[in-house]
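J.: Residue numbers (full-length UniProt numbering), protein chains in the order written: chain A, 1 to 124; chain B, 1 to 268.
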């Protein structure tokens, strides 16, 4: 299974997956012109990964998400929730700058629907 | 009359199985009818099975659609909430930007951009009873050099407050830049405007400005006054009021010069 390595732009986040280590890293703003097209490889990767492996950690440092990116993230979190219900070990660590409370509020919205480990970590 | 179908079928079956009936001319017809009846029953059973399967499929499909609908509804509600929050934050940021672009951060007065906008509007409308005053704090550089820029900022804030409270609603005061201010008077008779500017000059001159290290600063303002003439532009108006303000500087400071009359007058 090929890993994904997408460099950040002003409107899209950095995305790195690590199949061997069982992690996904995302950092930056997300308002692509076509979010569904942009995120398709990641959604496919997470789906295939969860079919084959039982541990996954999402390390997120996302700031601004447009509406379609929010929808994609909810779909990914739903996949994680299903995997968790099926007994898999999934975790989200969403890091944010303590001075940017809006990011924490956004992460809280996502966390509401998740019963797996979802940590919102403020950093100096 | 209610027919007991099962009993009737048993009677037919028994009649057909009885070998003594095989020679009966009705035997063959009854046998064909019996076979036809059996085929119809089998078809009915098939239709019932298909119908049950179809109903089962529809039920499963409905459950699946309901689950998807609930999921999408939940996602939609969440997206709307997040979107509302973003819009609220954006509105606040816009208001802050709007304020930052039109208000002077130090004195809280309208800034140069705001005054330019106002002046352009008035000049475009050709407002013929528009008077413009330029105010400059005297020896401001000396205050900055002697007491430091923080003290200079304090003097700007204090003099802005004094001028604003003295002016009231007779005119619009803005910080033009550095230690310069512009006052716009609309539909105020010349005598009232000069009286008002005299009050400003006297109020500033009589004020003692305490700065943070215990020192007290006294200063004055020089004021130039002009009015809008047909054909004026914002630049020509500002250029003229700047000139008369410098006449006030050259006339000893702490006074008002105007070009409203034939001769430049000095007041205060």
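By construction, the Cβ of each residue, glycine as well, lies at the ideal position given by its N, Cα and C atoms. As the structure is a prediction and not an experimental result, all values here were calculated from the model.
1) Counting only beta-carbon atoms, is residue 58 (chain A) nearer than 8 Å to chain B?
2) Since residue 27 (chain A) is in the alpha helix (DSSP H), which residue starts that stretch and which ends it?
3) Identify each residue in the region 70-81 of chain B for which the Cβ-Cβ distance to at least one residue of chain A is less than 8 Å, and report them in chain order.
4) Could you please give me the residues that DSSP links to residue 126 (chain B) through a beta bridge?
5) Helix, strand or coil: how does DSSP classify residue 263 (chain B) here?
6) Alpha carbon to alpha carbon, what distance is there between residue 29 (chain B) and residue 17 (chain B)?
7) Residue ranges of each beta strand (DSSP E) run of no fewer than 3 residues wholly in the UniProt domain "GGDEF" (128-261) of chain B, ordered along the chain?
8) Under the DSSP definition of a beta bridge, which residues are partnered with residue 120 (chain A)?
9) Which residue from A:105, A:100, A:2, A:25 puts its Cα closest to that of residue 91 (chain A)?
10) Beta carbons nearer than 7 Å to chain A: which residues of the region 81-95 of chain B have them?
11) Quick check on this structure: which residue in B:25, B:38, B:22 has the alpha carbon closest to the alpha carbon of residue 6 (chain B)?
12) Suppose you measure from the CA of residue 57 (chain A) to the CA of residue 23 (chain A); what does that come to, to the nearest Å?
13) On the DSSP letters alone, give me the boundaries of the alpha helix (DSSP H) that residue 109 (chain A) sits inside.
14) Could you check whether the region 232-249 of chain B touches the region 149-165 of chain B, counting it as contact only if at least three pairs of C-beta atoms, one from each stretch, sit closer than 8 Å?
15) Does residue 25 (chain B) pass the burial test, meaning 16 or more other C-beta atoms within 10 Å, or should it be called exposed?
16) Could you check whether the Cβ of residue 80 (chain A) sits closer than 8 Å to any Cβ belonging to chain B?
17) Output needed in chain order: residues of the region 90-113 of chain A with a Cβ under 9 Å from some Cβ in chain B.
18) Quick one: what does DSSP say residue 109 (chain B) is sitting in, helix, strand or coil?
19) Determine, using beta carbons only, whether residue 74 (chain A) comes closer than 8 Å to chain E.
20) Quick one: which chain B residues come within Cβ less than 7 Å of residue 67 (chain A)?
21) Taking buried to mean at least 16 other C-beta atoms within 10 Å of its own C-beta, is residue 349 (chain B) buried or exposed?
22) Around the C-beta of residue 177 (chain B), are 16 or more other C-beta atoms found within 10 angstroms, so that it is buried, or is it exposed?
23) Let's see if you can read the secondary structure: which residues bound the beta strand (DSSP E) around residue 76 (chain A)?
24) From the DSSP output, read off the bridge partner residues of residue 103 (chain B).
25) Using 10 angstroms around the beta-carbon of residue 155 (chain B), count the other beta-carbons present and answer buried if the total reaches 16, otherwise exposed.
26) Give the secondary structure of residue 32 (chain B) by DSSP, where H, G and I count as helix, E and B as strand, and everything else as coil.
T.: Reading it off the structure:
1) Position 58 of the first chain, counted from the start, is the residue given in the question as residue 58 (chain A). Judged by the 8 Å Cβ criterion, residue 58 (chain A) is not in contact with chain B.
2) Along the first chain, one-based indexing puts residue 27 (chain A) at 27. Looking at the DSSP string, residue 27 (chain A) is not in any alpha helix (DSSP H); the run it does join, the beta strand (DSSP E), is 23-30.
3) 71, 74, 75, 78, 79, 81
4) Here the question's residue 126 (chain B) lines up with position 126 in the second chain. Paired residues: none, contrary to the question.
5) Numbered from its first residue, the second chain carries residue 263 (chain B) at position 263. At residue 263 (chain B) the pLDDT is 49, less than 50, meaning the model places this residue with poor confidence and gives no usable figure here.
6) Residue mapping note: residue 17 (chain B) aligns to position 17 of the second chain, counting from 1. Residue mapping note: residue 29 (chain B) aligns to position 29 of the second chain, counting from 1. Cα to Cα, the separation comes out at about 14 Å.
7) 130-137, 172-177, 180-186, 221-227, 256-258
8) Here residue 120 (chain A) corresponds to residue number 120 of the first chain, with the count starting at 1. In DSSP, residue 120 (chain A) forms a bridge with A:94.
9) Here residue 91 (chain A) is taken as the residue at index 91 of the first chain, counted from 1. It is A:25.
10) 81, 82, 83, 85, 89
11) Counting from one through the second chain, the residue named residue 6 (chain B) turns up at place 6. Comparing Cα positions, the closest option is B:38.
12) As a first step, residue 57 (chain A) is located in the first chain; it is residue number 57 there, counting from the start. As a first step, residue 23 (chain A) is located in the first chain; it is residue number 23 there, counting from the start. Answer to the nearest angstrom: the Cα atoms are 5 Å apart.
13) As a working mapping, residue 109 (chain A) is identified with position 109 in the first chain. Here the alpha helix (DSSP H) through residue 109 (chain A) covers 101-111.
14) no
15) Reading the second chain from its first residue, position 25 is the one you call residue 25 (chain B). Result: exposed.
16) Reading the first chain from its first residue, position 80 is the one you call residue 80 (chain A). So, not an interface residue.
17) 102, 105, 106, 109, 110, 112, 113
18) Start at 1 with the first residue of the second chain, and residue 109 (chain B) comes out as number 109. Three-state result, residue 109 (chain B): coil.
19) Of the chains in the structure shown, none is chain E; the protein chains are A and B.
20) Residue numbering aside, residue 67 (chain A) sits at position 67 when the first chain is read from its first letter. Near residue 67 (chain A) (Cβ distances below 7 Å), the residues of chain B are 79, 83.
21) This structure leaves residue 349 (chain B) out entirely; chain B is present only between 1 and 268.
22) As a first step, residue 177 (chain B) must be located in the second chain, where it is residue number 177. The residue in question, residue 177 (chain B), is exposed, as its Cβ has fewer than 16 Cβ neighbours within 10 Å.
23) If you number the first chain from 1, residue 76 (chain A) lands on position 76. No beta strand (DSSP E) holds residue 76 (chain A); the alpha helix (DSSP H) holding it covers 67-85.
24) Along the second chain, one-based indexing puts residue 103 (chain B) at 103. Looking at the DSSP assignment, residue 103 (chain B) forms a beta bridge with B:110.
25) Against the second chain, residue 155 (chain B) aligns to sequence position 155. When all chains shown are included, residue 155 (chain B) counts as buried.
26) Reading the second chain from its first residue, position 32 is the one you call residue 32 (chain B). In the structure shown, residue 32 (chain B) sits in a helix (DSSP, three-state: H, G or I).
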